[in-house]
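Colleague:
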Amino acid sequence: MRSSFRQRSIRAAVCTAAAIGLLVGSATTATAAVAEPSTPVPVNPPDGTVMSYVVNAGKANPGQVRKVEKAVTEAGGVVVQTWPEIGVVVAQSDRAAFRDRVKVTGKNAVEAVGATRTVEVSDRVQGPQVPWGPGASGWKQGGKNKRVDVDEPTTPVPAKAGDAMEAQQWDMAMIKSDQANAITDGSRKVLVGVLDSGIDPKHSDLAPNIDVANSVNCTVGGRPDQTAGGWEPTTSDHGTHVAGTIAAARNGTGIVGVAPNVRLASVKVVNDDGFIYPEYAICGFMWASQRGMDVTNNSYYVDPFEFWCDDQPDQAAVREAMARAVNWSTSRGVVNAAAAGNSGLDLTVNTRDEGSPNDAAAPTPRTINQGCKDIPAQIPGVVTVSSVTQTGQLSYFSNRGLGEIDVAAPGSRILSTLPGGGYGLKSGTSMATPHVAGVLALMKSAHPNLTPAQLTAKLKADATPTPCSAPERGAGAACVGTTALNSYFGTGLVNALKAVQ
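In mature numbering (1 follows the signal peptide of the UniProt record, and there is no 0), the protein residues as written are -32 to -1, 1 to 469.
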């Protein structure tokens, strides 16, 4: 999506309590090597403007978290959601001085606080401390509605009832999932969380595998909400398309997913304007860990910054909160796959961000440094996926980077499910990532005792080594590295057959 939802700018043509420290990129060492600071993007709302914040406790223990909650209230905020396992409190406040005041009222309990967006929130949570409501200072979301599809518009594919469309799924043959399915279609015990824009539960290819009990909407302030219909798609077909690639059922019609017998949970983290704010993604990762999910698919980068910088206080606090959520989910047995992004960038050398923040009336073109990371794709432990075409070239839009890309998968003109019972072609690293999530689901089915680290290691070891070659359209930075590990394909093209052997 967006720049993968991950499409976003498509620049030229176009993410145990003891282990939840800041692990985004190599923040400490990278910062030491930075030649110049990143360009600040001040977030200074006036009094009366309701903003959203993450407030990180110094330690993830009940006493510290209670002190943080109290500090939020005393500073003029509302506690929207508390994640005590990771020491993160999501808050909203209409006080301009909230960030400074919560540090004072929290004393030694508050480690950091950061605004999660640059505009006033539209998804307000009512609370006794701040009696805002409709008309208090306007409910309009800043900026323009943002597209949440990929770089190229969805191309509908006509299909009649009963049509079998497997012959059109070149992508499944490329990664050998058709051969893997001769061994297993996946286990019903395996649950994949689709952190996205919602899944159509009525689509005939998806209905058999939707796990309603574990589906949730995270887009109201970052608070999990299981209200009926809340996790279904509203303004985007993205999540339904992703879900079909992972686990469209083998039912004799339509398409077949990589792992057609595993269960899918819709974890809605995309609001109706197409934004995935940090508190939504944090909710998604925490929900996945609480509900015992095995795999999550993350075809997005967290808004409103394509790159979050550790030398900017607000952005650093958000990065820390995100890292804690991802690391906690991993500690609870979840393996997370994320799209590399669609800006055609080499993530190891990029020094400019022209499209952030994308929720403002206009972005602030800025210099960035190696302490600025795309999240969740560049959080250590996340499986980061690049996109290839039907001919095996790196897709022109795909981000790349030696040591940043783990594996590659098909992502150009992928046929999958659309809301309303339809089918269509979409392109992006968003479309590559669900192939990997599906393979991980098959692998977990065949090898249920493997940990997230072991699943990731096997995924990379099993990938088909792919030597450097010219990218599609000759676009972007040249490939560097060896056949065994390079900037375009990581360790190679994901291989479903080896995954289940």
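Just so it is clear, CB atoms sit at the ideal spot from N, CA and C, and this is done for glycine as well.
Taking the alpha carbon of I167 as the point to measure from, which residue in D146, A233, Q346, P192 has its own alpha carbon closest?
Modeller: Checking every option, the nearest Cα to that of I167 belongs to A233.
Colleague: Taking the C-alpha atoms as reference points, what is the distance between P387 and R156?
Modeller: Spanning the two alpha carbons is a distance of roughly 24 Å.
Colleague: Could you pull out every residue in the same chain whose Cβ sits closer than 6 Å to the Cβ of residue 491, ignoring the five residues on either side in sequence?
Modeller: A question about residue 491 goes unanswered here, because the residues of the chain that appear run from -32 up to 469.
Colleague: Quick check: A409 and D262, are their CB atoms within less than 8 Å of each other?
Modeller: Contact flag set, yes.
Colleague: Can you tell me where the alpha helix (DSSP H) with W296 in it begins and where it stops?
Modeller: Unbroken alpha helix (DSSP H) run through W296: 281 to 299.
Colleague: Excluding the 5 residues preceding and the 5 following Q194 in the sequence, name in chain order all residues of the same chain whose CB lies nearer than 8 Å to its CB.
Modeller: Counting only Cβ-Cβ distances below 8 Å, and skipping sequence neighbours, we find S183, V184, N185.
Colleague: With DSSP run on the structure shown, which of helix, strand or coil describes W255?
Modeller: Helix at W255.
Colleague: If contacts are defined as beta-carbon pairs under 8 Å, then Y391 and M133 qualify, I think. What distance do you get, rounded to the angstrom?
Modeller: 7 Å between Cβ atoms; contact.
Colleague: Which residues mark the beginning and the end of the beta strand (DSSP E) in which D164 is found?
Modeller: Element bounds for D164: 159 to 164.
Colleague: Which runs of the alpha helix (DSSP H) spanning at least 4 residues fall entirely within the stretch 166 to 247, listed in chain order?
Modeller: Listed in chain order, the complete alpha helix (DSSP H) runs (minimum 4 residues) inside the stretch 166 to 247 are 206 to 215.
Colleague: Residues in its own chain within less than 8 Å of R320 by CB, not counting five upstream and five downstream?
Modeller: The residues are P333, R334, T335, I336.
Colleague: For the candidate residues H415, S324, A307, whose alpha-carbon lies nearest to that of residue 491?
Modeller: One cannot answer for residue 491 here, as it falls past the ends of the chain, which runs -32 to 469.
Colleague: Return the CA-CA distance between C277 and D342, expressed in angstroms with no decimal places.
Modeller: Roughly 9 Å separates the two Cα atoms.
Colleague: Alpha carbon to alpha carbon, what distance is there between G222 and P10?
Modeller: Going from the Cα of P10 to the Cα of G222 covers about 49 Å.
Colleague: If you draw a straight line from the C-alpha of D205 to the C-alpha of V72, how long is it?
Modeller: Answer to the nearest angstrom: the Cα atoms are 45 Å apart.
Colleague: Using a 10 Å radius around the Cβ and a threshold of 16 neighbouring Cβ atoms, would you call P348 buried or exposed?
Modeller: P348 is exposed by the Cβ-count criterion.
Colleague: Output yes or no for whether 8 Å exceeds the beta carbon distance between Y269 and A345.
Modeller: Closer than 8 Å, so yes.
Colleague: What is the rounded straight-line gap between the Cα of I151 and the Cα of G82?
Modeller: Computed Cα separation, rounded: 48 Å.
Colleague: Apart from the five residues on each side of it in sequence, which residues of its chain come closer than 6 Å, Cβ to Cβ, to A377?
Modeller: If we look at A377 and ignore the five residues flanking it on each side, its Cβ neighbours are V353, A400, H403, V404, V462.
Colleague: Take residue 470 as the anchor and find which of K466, A414, G406 has the nearest alpha-carbon.
Modeller: With the chain covering only -32 through 469, there is no way to say anything about residue 470.
Colleague: Between A227, A425, S311, which lies nearest to A445 when the distance is taken from Cα to Cα?
Modeller: The shortest C-alpha separation from A445 is found at S311.
Colleague: Do R85 and D327 come within 8 Å of each other at the CB atom, strictly closer than that value?
Modeller: Yes, the pair counts as a contact, with Cβ atoms nearer than the cut-off.
Colleague: Measuring straight from C-alpha to C-alpha, what distance separates A293 and A127?
Modeller: Rounded to whole angstroms, A293 to A127 spans 41 Å at the Cα level.
Colleague: Please identify the residue among G190, P169, L465 whose C-alpha is closest to the C-alpha of A196.
Modeller: With distances taken between Cα atoms, A196 lies closest to P169.
Colleague: Have a look at the DSSP bridge pairing and note the partners of residue 470.
Modeller: Since the first residue of the chain shown is -32 and the last is 469, residue 470 is not available in this structure.
Colleague: Measure the beta-carbon distance from V33 to A39 and round it to whole angstroms, keeping in mind my assumption that it falls under 8 Å.
Modeller: At roughly 10 Å, the Cβ-Cβ gap does not stay under 8 Å, so V33 and A39 are not in contact.
Colleague: Could you compute how far the alpha carbon of N113 sits from the alpha carbon of M254?
Modeller: Here N113 scores only 42 on pLDDT, less than 50, and its place in the model should not be relied on; the value that follows carries that caveat. Straight-line Cα distance between these residues: approximately 27 Å.
Colleague: With DSSP run on the structure shown, which of helix, strand or coil describes K57?
Modeller: Per the sequence shown, the amino acid found at residue 57 is Val instead of Lys. V57: strand per DSSP, three-state reduction.
Colleague: For C447, tell me which candidate among E440, C436, E322, S267 has the shortest Cα-Cα distance.
Modeller: Of E440, C436, E322, S267, the residue nearest in Cα terms is C436.
Colleague: Go ahead and pull the three-state DSSP assignment for L465.
Modeller: In the structure shown, L465 sits in a helix (DSSP, three-state: H, G or I).
Colleague: What residue does the alpha helix (DSSP H) around V404 start on, and which one ends it?
Modeller: Taken as a continuous stretch (DSSP letters only), the alpha helix (DSSP H) holding V404 covers 397 to 414.
Colleague: Please state whether the Cβ-Cβ distance between S145 and V47 is less than 8 Å.
Modeller: No.
Colleague: On the criterion of 16 or more Cβ atoms from any shown chain inside 10 Å, does Q361 qualify as buried, or is it exposed?
Modeller: Buried.
Colleague: Please state if the CB of A305 and the CB of N266 are separated by a distance shorter than 8 Å.
Modeller: Going by C-beta atoms, N266 is nearer than 8 Å to A305.
Colleague: Which residue wins for smallest C-alpha separation from G190, given the options V125, V235, E274?
Modeller: Taking only the C-alpha atoms, the option nearest G190 is V235.
Colleague: Determine whether the Cβ of A330 lies closer than 8 Å to any Cβ atom of chain C.
Modeller: Here there is only one protein chain, and chain C is not present.
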